[in-house]
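Here is the structure we will look at.
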Ligand code: AMP
Ligand code: MG
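Residue numbers (this note's numbering): 675 to 1159.
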């Protein structure tokens, strides 16, 4: 294979306790669902949508002469530490640097059993793989840091038993790194200081090279944790601003890259409900929408704790205590853009909070309401009014908003341009993904392709895609979807 991207073998520099060499299980009669040709081209990977690539991306042939492996890691799941996690149904298939010298890892999710599978079958189903594929590419288009999806293949020759029997699938996931907070916890809880040191040095060398030169110094570790705090503050601010709920913010699902990682029972908000729970098995709402900042902070504390051998508890605490402030700042900046505000004003937070409170009372659709703020310049702003039943309270808020806009001295064009790129015209609603999944399970990919093509241009309200702007029909609200994978 003559790729412009160059294969590298980095992960195997780590001690053998970090992984197990493993080949994919057979994946008979693979069929393409999708190949992300623009992404392959952008990264300089020479794969094309043909039989050779199908063999690679279904795990049957090596990728750029790399040897696949399953990573070992641990993690806090719903607040409880689980020492025995790891790639139970996915393999790191290859590592490469792209044409711009950026590192990437290719991971095949659904590649079969590994030593970390416990009682699992090592498989992923078409349903959850479609959800991951659509969400990764949609989030990338929204400008939210995320892992990417290179391909999606399915096999009807493998029967996967979940609540029903479902088609098997494999997603080729690309990420700058698959190192999770749980990798650090893995060595910390085993009290394996050599392993922990090797991991820390490896991470600095390959992902934070400017810190690696001073890897033995306190500053390098402080620098690493400071970046983690900022990246998570930015990431969760992006999620809150776009109305995304991850659903399973376990520490094994938090990447040190600060990218949205491991799409499971995630959801994009329809009607605004601050304590919305998108994961049906999250009975206590630990990962509810409005809990996400607090959980990110908690997860950072888990990561910071693993540095206790090198840094004092007081210092670690002070580093992660920067999170609330960093998050508030990042969030308010994103919300200012959503309101088309070009300058900062002390009252902005209250203006945002009062709009959100009104939206919660009126069960306003989260994305449609923000997009319809564009109509506020029109005399009757009917589109905005459509999202509220309490018109008196809305009129009061609009009056405050309009006087705030005056302080900016911005032109209508300036603020509308900002709002258009900050408020998506469409988001990937659960009921839409479900319709695409049901057709795909019957072998019809038309709706999947149509939905994907709309979701990669979320800020573009082309007439042809107008139907993707709808909130779910009533039957959608009551639908109890099982998103477990
Ligand atoms: P997840 O819920 O996808 O974040 O996975 C949590 C842990 O369970 C990880 O160690 C996964 O590798 C493992 N796991 C999830 N599903 C399966 C499966 N079908 N077979 C084997 N292991 C799995
Ligand atoms: Mg996971």
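Idealized CB from N, CA, C, for every residue including glycine.
- Those residues whose C-beta sits under 6 Å from the nearest heavy atom of ligand 2 are, from N- to C-terminal order along the chain, 926, 927 and 936.
- Going by C-alpha positions, residue 1012 is about 32 Å away from residue 977.
- No heavy atom of ligand 1 is found nearer than 7 Å to the CB of residue 684.
- If you ignore the 5 residues before and after residue 706, its C-beta comes within less than 7 Å of the C-beta of 723, 728 and 827, all in its own chain and listed in chain order.
- One alpha carbon belongs to residue 885, the other to residue 873, and they sit about 14 Å apart.
- Counting along the chain, residue 1081 sits inside the alpha helix (DSSP H) bounded by residues 1065-1082.
- Within the same chain, 1130 and 1132 come within 6 Å of residue 815 by CB-CB distance, once the 5 residues on both sides are set aside.
- When 1080, 679, 1027 and 725 are compared, the shortest CA-CA separation from residue 914 is found for 1027.
- Per DSSP, reduced to three states, the secondary structure at residue 751 is strand.
- Sorting 1102, 801, 702 and 785 by C-alpha distance to the C-alpha of residue 1119 places 801 at the top.
- In the DSSP assignment, residue 841 falls within the unbroken beta strand (DSSP E) covering 839-849.
- By the criterion of a C-beta distance shorter than 7 Å, residue 1044 is surrounded in its chain by 1012 and 1097, once the five residues flanking it on both sides are discounted.
- For the pair residue 845 and residue 823, the CB atoms are nearer than the 8 Å cut-off.
- Three or more beta-carbon pairs drawn from the region 846-858 and the region 741-752 are found closer than 8 Å, and the two stretches are therefore classed as touching.
- With 16 or more other Cβ atoms from the protein chains shown falling within 10 Å of its own Cβ, residue 1005 counts as buried.
- For residue 759, the shortest separation between its Cβ and any heavy atom of ligand 1 lies below 7 Å.
- Residue 993 is a Cβ neighbour of residue 899, given a cutoff of 8 Å.
- Taking 8 Å as the cut-off, the Cβ atoms of residue 934 and residue 820 count as close.
- Sorting 1110, 1075, 1038 and 757 by C-alpha distance to the C-alpha of residue 1059 places 1038 at the top.
- Under a 10 Å Cβ-count criterion, residue 769 is classified as buried, with 16 or more other Cβ atoms of the shown protein chains found around its own Cβ.
- Take residue 733, set aside five residues on each side of it, and the residues of its chain with a beta-carbon closer than 6 Å to its own are 698, 701, 782 and 785, in chain order.
- In this structure, residue 1142 places its C-beta atom within 8 Å of the C-beta atom of residue 1128.
- The closest CA to that of residue 1102, considering only 753, 849 and 917, is found on 917.
- A residue is called buried once 16 or more other Cβ atoms fall within 10 Å of its Cβ, and residue 1085, having fewer, is exposed.
- Distances from the alpha-carbon of residue 1088 to those of 1062, 1056 and 1048 put 1048 closest.
- The alpha-carbon separation between residue 924 and residue 975 amounts to approximately 13 Å.
- Here residue 745 carries a strand assignment [DSSP, helix/strand/coil].
- Contact between residue 981 and residue 895 holds, since their C-beta atoms are separated by about 6 Å, short of 8 Å.
- At a cut-off of 4 residues, the continuous stretches assigned as alpha helix (DSSP H) that sit fully inside the region 935-1019 are 966-979, 987-994 and 997-1012.
- Short of 6 Å from the beta carbon of residue 708, and not among the five residues preceding or following it, lie these beta carbons of its own chain, in chain order: 826.
- In the DSSP assignment, residue 796 falls outside any beta strand (DSSP E), carrying neither H nor E.
- With respect to the 8 Å criterion, residue 861 and residue 869 are classified as neighbours on the basis of their beta carbons.
- Here residue 897 carries a helix assignment [DSSP, helix/strand/coil].
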